[in-house]
Structure formats: C-alpha cells, structure tokens
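Please read the structure below before turning to the comments.
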Amino acid sequence: MKLRTSRGLVAIALGTALVLSGCASGNDGGASPSPSESTGSGIPTPSAADVAAVEAITVTGDAGAEATLEFEPGLEVSAPTTRIVNEGTGEELVEGNQVTMHFVSYNGADAAKAGESTWATDSPQSFTLGDPQFDLLNPELIGQKVGTRMLLANPIEDADGVTTVINLVEVVSTKEIPTRAEGEAVTPADGLPVVTLDDSGKPSVEIPEGYTAPTELVVQPLIKGSGPEVTADSTITAHYAGYTLDGEQFEASWDSGTPASFPLTGVIQGWTQGLAGQTVGSQVLLVIPPALAYGSAEGHELQDETLVFVVDILDAS
127 MKLRTSRGLV AIALGTALVL SGCASGNDGG ASPSPSESTG SGIPTPSAAD VAAVEAITVT
187 GDAGAEATLE FEPGLEVSAP TTRIVNEGTG EELVEGNQVT MHFVSYNGAD AAKAGESTWA
247 TDSPQSFTLG DPQFDLLNPE LIGQKVGTRM LLANPIEDAD GVTTVINLVE VVSTKEIPTR
307 AEGEAVTPAD GLPVVTLDDS GKPSVEIPEG YTAPTELVVQ PLIKGSGPEV TADSTITAHY
367 AGYTLDGEQF EASWDSGTPA SFPLTGVIQG WTQGLAGQTV GSQVLLVIPP ALAYGSAEGH
427 ELQDETLVFV VDILDAS
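Using this note's numbering, you'd call the opening residue of the sequence shown number 127 and step up by one each time.
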C-alpha cells in the first residue's frame, strides 16, 4: 500500500513501536540478517542460537493481563524469531478475519520495558490476519485460537545500529468482516472517473477523456453503508485500489486478497479528510490533489501526482 510500507519496518505506534515486519535486506533499506536462508515468504530463518535465546525468556502473569518478561540484558537475534507461549482456547484465528491483540515491548539490550503496554493504555490494536504488512504474525497466528500468547523477537535497524525488540502479543478477539462494500447504491456526479466492479467486487477505473485534475479533494460515495460513522481518529479495515490520472493502477489490496487495517491518523490527508464522516459498508471514490497526497516529496514515485482511490470501508474501531 502506498500509504504505508508493506516491507521493511512496519509498526503499530505506542510509545516504542511494536514492530511487526522483518528487517529487509538489499534495497529495502533494512539490515542484512544472518543466516542468509529465508522462508518462502522472504523472511530470514532464525538460527539455533536465535531460537535458544527466545526460549530462555521467562514470561510471568496471567492470561488476560499484562505479562512480564525476564531475560538477561544483551539479548540479540539475527532474524525474526517467534515462540508460542500459551495456546488459546477461544475461536479459531482465520485468514481474512480481523484480529485484536494486546502487546508489551521490551528492549533486548537492557531488558527494560519499552514504553507503556496496550494493557496499561487500554488500547488494544487490530489488524487483518493475512495482511502482508504483518508478515511476521500471519504464519504463526493463522490456525491458533483467541487467547494465544506469542513472543516475537525482531532485530530492528535504526540510526544507532541494530537493536533487538521483544514483544509479547496476546490475541483477545477475532471477528469475520465483509469482503466488499454492502449498502445502497449512490449515483455519482457527472464527469467523475467511472468505477466498474468485477464479480469479486474489485474496482477498475476509467478516466474520462479531457478530465481536468481538481484542485480540491473530491469525495463521492458510490455505495452508502449502514454501519457506524468513521471518525478522523478511527482505525479502519478496507479494501482499496489506487490509480494515477492516466488510469494506471499503482496498488490494490484486492490483488493480495486481504483487506488492510490502518489508523486514519497515519495516512495521507486526502484519506483522512475524505473517509471521516463516511459509514462502515460504504464504497467511496476519492480524487486527491497532490497537496493532500504526497505533494512535492522529492524522489517519491507519486510526487506531484493527483491520485484516484476506490475504498471499501469494511470495519472501523
């Protein structure tokens, strides 16, 4: 998704971030982990020493409450390494469903807690199981059950070098979400980009001949859903497709088959302004001028572009 990075370091912000995607190698700008072997998904394979380091972490505290992690300072791993601490007994975690979790993060260097936990802030986080942005969680959690607690140790590269961050994740709920917008069809205004849906609901866009790029944000509901209203600080789950004004698609969640979840506080302004006030179940056409997209960001592939998005709002919290 062009609104967030799908590889490299993907974070849910809470003080110190819970990092969910592995250190990338090569041109993605992350650390080059060792060993060089990787899983089929491109995630590097942990070494025996990595596995032993994570196995040595002691987890105390009852399920349903914040856990405490104890380990010797200086813990390092060379690749993302996971361990199921407790298997859940609740509903099965199915790819494509929304998963909500609590987590706490520790710094491997000093074994100290890194920021407040989501238990302390009463702010559980949700994501779509199978979303490629959460590629470290997906293979471990698919098929597990609500109540599962999992350790994830991950080497993170920053300006000071590589630091191992250890996260304890506990899944607290899961629910099925729709696969496409459902509601009352809305007749769009004349002259806008024309949206056509295939049998799966994936949109394609035709830009009318002579269409002039707008200087203001265009927000056109195509389907009016009957769900709750989205606010500017909502976290939404959505299918989306994005196009430039030549009609070329540059990215779409439909291509992976999995909707994406993200806070509207962390996306381009055109999304925040255009989707706030819409309702869950709606499909919305956005035509976003550069000032509300990526502007004149030097070197960005969408620099100075007017962008067209079709967004199916499947859930919001």
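We put the CB at the ideal spot given by N, CA and C, even for glycine.
Worksheet item: What distance in whole Å lies between the Cβ atoms of Ser352 and Gly400, which are believed to be in contact at a cut-off of 8 Å?
Response: Sequence index remark: in the sequence shown, residue 400 carries index 274 (1-based). Sequence index remark: in the sequence shown, residue 352 carries index 226 (1-based). Not confirmed; about 20 Å, so no contact.
Item to complete: Answer yes if the stretch 326-338 comes into contact with the stretch 267-274, meaning at least three C-beta pairs across the two stretches below 8 Å, and no otherwise.
Response: no
Worksheet entry | Same chain, Cβ closer than 7 Å to Asn153, neighbours up to 5 away in sequence not counted | To locate residue 153, count along the sequence shown from 1; it is residue 27. Confidence is the limiting factor: at Asn153 the pLDDT is only 30, short of 50, which leaves the residue's position unreliable and the question unanswerable from this model.
Worksheet item: Helix, strand or coil: how does DSSP classify Val180 here?
Response: Numbered from 1 along the sequence shown, position 54 holds the residue referred to as residue 180. If DSSP states are grouped into helix, strand and coil, Val180 belongs with the helices.
Worksheet entry | For Gln404, three-class secondary structure by DSSP | Translated into positions along the sequence shown, residue 404 becomes position 278. Three-state DSSP puts Gln404 in coil, outside helix and strand.
Practice prompt. Would you kindly check if the distance between the Cβ of Gly396 and the Cβ of Leu418 is under 9 Å?
Written response: In the sequence shown, residue 418 corresponds to position 292, counting from 1. In the sequence shown, residue 396 corresponds to position 270, counting from 1. Yes. Within cutoff.
Discussion item. Excluding the 5 residues flanking His426 on each side, which residues of the same chain have their C-beta closer than 7 Å to its C-beta?
Written reply: Residue 426 sits at position 300 when you count from the first residue of the sequence shown. Hits under 7 Å: Tyr420.
Discussion item. Whole angstroms are fine: how far does the CA of Leu294 sit from the CA of Gly234?
Written reply: The residue labelled residue 234 in the question sits at position 108 within the sequence shown. The residue labelled residue 294 in the question sits at position 168 within the sequence shown. Taking the straight line joining both Cα atoms gives about 13 Å.
Fill in: At least 3 beta-carbon pairs within less than 8 Å: the stretch 249-259 vs the stretch 201-212
no
Worksheet entry | Residue of Val220, Ala378, Ser408 minimising C-alpha distance to Ile300 | For this step, residue 300 is matched to residue 174 along the sequence shown. It should be noted that the sequence gives Thr, not Ile, for residue 300. The shortest C-alpha separation from Thr300 is found at Val220.
Item to complete: Could you check the C-alpha separation between Leu447 and Glu431 for me, to the nearest Å?
Response: Residue 447 is absent from the structure shown; the chain starts at 127 and stops at 443.
Practice prompt. Out of Glu374, Gly368, Phe388, state which residue places its alpha-carbon closest to the alpha-carbon of Val410.
Written response: One-based indexing of the sequence shown puts residue 410 at position 284. Measuring from the Cα of Val410, the nearest candidate turns out to be Gly368.
Worksheet item: To which residues of the same chain is Asp176 closer than 8 Å at the C-beta, ignoring the five residues directly before and after it?
Response: Here residue 176 corresponds to residue number 50 of the sequence shown, with the count starting at 1. Result list for Asp176: Val203, Ser204, Ala205, Thr207, Ala279, in chain order.
Discussion item. Rounded to whole angstroms, what is the Cα-Cα separation between Glu302 and Gly336?
Written reply: The count along the sequence shown starts at 1 and reaches residue 302 at position 176. The count along the sequence shown starts at 1 and reaches residue 336 at position 210. Their backbone Cα atoms lie some 42 Å apart in a straight line.
Discussion item. Quick check: the Cα distance between Ile282 and Ile292, rounded to an integer number of angstroms?
Written reply: The sequence position of residue 282 within the sequence shown is 156, counting from 1. The sequence position of residue 292 within the sequence shown is 166, counting from 1. Rounded to the nearest angstrom, the two C-alpha atoms are 10 Å apart.
Worksheet item: Which first and last residues belong to the alpha helix (DSSP H) in which Leu267 is found?
Response: Here residue 267 refers to the residue found at position 141 of the sequence shown. 264-267 is the extent of the alpha helix (DSSP H) around Leu267.
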